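Asker: As given, the protein sequences belong to chains A and B, one line each in that order.
Be aware that the first sequence starts at 1, since it is given in this note's numbering, and climbs by one per residue.
Be aware that the second sequence starts at 191, since it is given in this note's numbering, and climbs by one per residue.
Cβ coordinates follow ideal geometry from the N, Cα and C atoms, glycine included.
Quick caveat: nothing in here was measured; it's all calculated off a predicted structure.
There are 2 protein chains.
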Amino acid sequence: MAPDRRKMIVAAATKSFSLFGYKATTMDQVAKLANVGKGTIYTFFKNKEELFEEIISSLVKEMIVEADSAIQLELSFTENVHRALYRLLEFRSQHQLMIKLVQEEAEMGTLAVSEMLQHVENEIIDYLKQKIETAIAKGAIPEANTEITSFLLLKMYIALVSDWERNHAPLSSEQIAEIMKVFLLKGLQK
Amino acid sequence: MAPDRRKMIVAAATKSFSLFGYKATTMDQVAKLANVGKGTIYTFFKNKEELFEEIISSLVKEMIVEADSAIQLELSFTENVHRALYRLLEFRSQHQLMIKLVQEEAEMGTLAVSEMLQHVENEIIDYLKQKIETAIAKGAIPEANTEITSFLLLKMYIALVSDWERNHAPLSSEQIAEIMKVFLLKGLQK
DNA sequence: CTATTGACTAAATTAGTTTTTTGGTCAAAT
DNA sequence: ATTTGACCAAAAAACTAATTTAGTCAATAG
């Protein structure tokens with residue numbers, strides 16, 4: 001049974017990116033961790049960035065599985081939006097690789113990392129967009145610009161979960177759900 | 191009529207900060223621009239940062255005057271929130287000093303500048319908070335956590351006006367007003 | 001006397017140079 | 001047909017020297 005070199009490489013790179021970040025991970029290190037010659041990496045991946053892309057791509061798939069598993073058909077659309085988003089942001093704050101990448105972007109501003117995080121954000125927005133389109137088709141919510149709506153939903157969520165904590169004590173899931181309800185359901189108008 | 195040295199210094203520093211940013215402005219330069227010996231600056235201000243603070247403090251006052259002038263009593267609360275916020279973000283994108291500081295934060299990450307922009311943001315949130323409290327007292331909108339609500343309102347606005355433009359064509363004032371209405375007034379629920 | 005100044009200094013920043021590291025290649029080995 | 005690691009150019013880091021700058025304070029001016 002020959003070891004699957006490709007998988008070893010991806011596993012090693014994932015581990016190293018999670019531990020040290022993108023920039024501080026060297027291809028020599030990945031090769032050593034994967035018990036593989038450095039050249040072998042380049043038979044599977046064009047370069048470091050493509051290896052990174054593959055890993056992020058898997059990560060996004062994982063996230064979507066997570067979000068989907070949070071959705072329950074018997075609940076309302078609004079409730080499910082909250083549940084899916086909350087699961088996604090929990091994922092972001094609990095997965096070692098995501099934590100490291102967010103940190104690397106903040107501290108060093110590594111370009112490849114910024115691009116990749118932007119990409120992840122866009123994927124999440126696309127995911128939300130699809131859910132919103134389905135809800136509109138089913139007549140569950142009124143028509144709207146789905147691109148802007150999904151964009152704004154995510155931004156609101158990030159504001160509540162991450163930005164808020166810069167100056168205040170973190171909000172509980174229940175508090176966030178309550179706030180979302182005010183904005184999504186009733187609006188501020190009496 | 192002795193020239194008011196303090197005013198000359200503040201004027202010179204404002205000009206230089208607007209033109210070159212915080213870091214690239216030297217105290218020698220400010221002194222020369224203000225036709226004043228460098229030591230004189232330090233009889234009025236403890237250090238460079240305190241001089242900066244005074245200028246930002248004036249800026250915030252200007253912004254509040256701007257926002258207030260956008261408010262019209264005969265319009266609805268929601269409409270006025272939109273008008274005031276729009277005026278504030280217009281201010282940010284049109285005032286030379288603000289433009290320069292936002293740019294300096296993005297490009298160089300100057301700490302003193304980041305702190306000052308955070309301070310400006312907090313002042314805006316405080317301003318919104320007062321308006322919301324008044325509206326609640328008048329019974330115009332339902333009760334809510336005013337701290338979170340004002341925070342979220344600003345974040346939504348910045349998302350629509352600034353973040354959106356990273357990947358899309360800018361939204362017009364009318365479009366933004368429409369989106370705000372959906373979220374503040376009606377919610378997404380049918 | 002008080003208010004103002006600019007030469008002065010310690011500390012920080014920048015510029016220039018050398019050394020080390022790193023992504024990627026490819027001839028040799030398996 | 002795969003895999004490898006010595007090798008290379010280019011990028012990054014480390015180091016140093018030279019310059020700049022915030023802030024001080026003894027001398028000066030009014």
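Which residues in chain A sit within 9 Å of residue 234(B), going by Cβ to Cβ distance?
Answerer: By Cβ distance, chain A contributes nothing, its closest Cβ being about 31 Å from residue 234(B), past 9 Å.
Asker: Check the Cβ-Cβ distances between residue 11(A) and every residue of chain B, and say whether any is below 7 Å.
Answerer: Answer no: the Cβ-Cβ gap between residue 11(A) and chain B never drops below 7 Å.
Asker: So does the stretch 143 to 150 of chain A actually touch the stretch 98 to 113 of chain A, counting three or more Cβ pairs closer than 8 Å?
Answerer: Short answer: they don't touch.
Asker: Could you give the uninterrupted runs of the alpha helix (DSSP H) lying entirely in the stretch 278 to 317 of chain B, keeping only those of 4 residues or more?
Answerer: List check, alpha helix (DSSP H) in window: 286 to 298.
Asker: With residue 156(A) and residue 82(A) assumed to form a contact (beta carbons below 8 Å), what rounded beta-carbon distance in angstroms separates them?
Answerer: The pair is not a contact, with the Cβ atoms about 11 Å apart (cut-off 8 Å).
Asker: Taking 7 Å as the threshold (beta carbon to beta carbon), is residue 155(A) in contact with chain B?
Answerer: Taking Cβ atoms only, chain B reaches closer than 7 Å to residue 155(A), which makes this a yes.
Asker: Can you list, in chain order, the residues of its chain whose CB lies under 7 Å from that of residue 160(A), leaving out five sequence neighbours each side?
Answerer: Closer than 7 Å at Cβ, skipping near neighbours: 171, 176, 179.
Asker: Under a three-way DSSP split, which group does residue 359(B) fall into?
Answerer: Here residue 359(B) sits in coil by DSSP.
Asker: Going by C-alpha distance, which of 279(B), 295(B), 264(B) is nearest residue 207(B)?
Answerer: Checked all of 279(B), 295(B), 264(B); the closest Cα to residue 207(B) is 295(B).
Asker: Less than 7 Å between C-beta atoms, sequence neighbours within five positions excluded: which residues of the same chain meet that for residue 200(B)?
Answerer: Hits under 7 Å: 244, 245.
Asker: For residue 380(B), name the three-state secondary structure that DSSP assigns.
Answerer: Residue confidence for residue 380(B) is low, a pLDDT of 42 falling below 50, so the modelled location carries little weight and cannot support an answer.
Asker: Spell out whether any CB of chain A is found under 7 Å from the CB atom of residue 274(B).
Answerer: Closer than 7 Å: no.
Asker: 7 Å is my cut-off, CB to CB: does residue 159(A) come that close to chain B?
Answerer: Answer yes: the Cβ-Cβ gap between residue 159(A) and chain B drops below 7 Å somewhere.
Asker: If the cut is a Cβ gap below 9 Å, which residues of chain B does residue 56(A) touch?
Answerer: What residue 56(A) touches in chain B: nothing, since even the nearest Cβ is about 18 Å away.
Asker: So, is residue 36(A) buried or exposed, given that buried needs 16 or more other C-beta atoms within 10 angstroms?
Answerer: It is buried - the Cβ of residue 36(A) has at least 16 other Cβ atoms within 10 Å.
Asker: Which of helix, strand or coil does DSSP assign to residue 36(A)?
Answerer: Coil at residue 36(A), not helix or strand.
Asker: Here's the rule I'm using: 16 or more other beta-carbon atoms within 10 Å means buried, otherwise exposed. How should residue 190(A) be labelled?
Answerer: Legend: pLDDT at residue 190(A) = 42, less than 50; position of this residue unreliable, value from coordinates given subsequently. Answer is exposed; the Cβ neighbour count stays below 16.
Asker: Measure from the alpha carbon of residue 115(A) to the alpha carbon of each residue in 357(B), 303(B), 314(B), 261(B), then state which is nearest.
Answerer: Among 357(B), 303(B), 314(B), 261(B), the Cα nearest to that of residue 115(A) belongs to 357(B).
Asker: Among 212(B), 250(B), 196(B), which residue has its Cα nearest to the Cα of residue 232(B)?
Answerer: Comparing Cα positions, the closest option is 196(B).
Asker: Does the contact criterion of 3 or more C-beta pairs under 8 Å hold for the stretch 120 to 133 of chain A versus the stretch 324 to 338 of chain B?
Answerer: Taking 8 Å as the limit for Cβ pairs, the verdict is that the stretch 324 to 338 of chain B does not touch the stretch 120 to 133 of chain A.
Asker: When you compare each of 23(A), 8(A), 79(A) to residue 113(A) by their alpha carbons, which one comes out closest?
Answerer: For the residues 23(A), 8(A), 79(A), the minimum Cα distance to residue 113(A) belongs to 23(A).
Asker: Mapping the DSSP letters down to three states, classify residue 270(B) as helix, strand or coil.
Answerer: If DSSP states are grouped into helix, strand and coil, residue 270(B) belongs with the helices.
Asker: So with CB distances below 7 Å, who are the chain A contacts of residue 316(B)?
Answerer: Result: empty, since nearest Cβ-Cβ is about 12 Å, beyond 7 Å.
Asker: Using a Cβ-Cβ cut-off of less than 9 Å, list which residues of the stretch 279 to 311 of chain B approach chain A; keep chain order.
Answerer: The stretch 279 to 311 of chain B vs chain A, Cβ under 9 Å: 299, 308.
Asker: So with CB distances below 8 Å, who are the chain A contacts of residue 342(B)?
Answerer: Going along chain A in sequence order, the residues near residue 342(B) (Cβ under 8 Å) are 156, 159, 160, 179, 183.
Asker: Leaving out the 5 sequence neighbours to the left and right, which residues in its chain are closer than 7 Å to residue 163(A) when beta-carbon positions are compared?
Answerer: Contacts found: none.
Asker: Could you tell me if residue 169(A) is buried or exposed, where buried requires 16 or more neighbouring beta carbons within 10 angstroms of its beta carbon?
Answerer: Answer is exposed; the Cβ neighbour count stays below 16.
Asker: Terminal residues of the continuous alpha helix (DSSP H) containing residue 347(B)?
Answerer: Element bounds for residue 347(B): 336 to 351.
Asker: Assuming residue 27(A) contacts residue 15(A) (C-beta within less than 8 Å), just tell me the rounded distance between them.
Answerer: In fact, because the Cβ distance is near 14 Å, the residues do not count as touching under 8 Å.
Asker: Please list the terminal residues of the continuous alpha helix (DSSP H) segment that includes residue 258(B).
Answerer: Run containing residue 258(B): 238 to 260, per the alpha helix (DSSP H) assignment.
Asker: Looking only at its own chain, which residues have a Cβ that is under 7 Å from the Cβ of residue 60(A), when we skip the five neighbours before and after it?
Answerer: Here the set comprises 120, 123.
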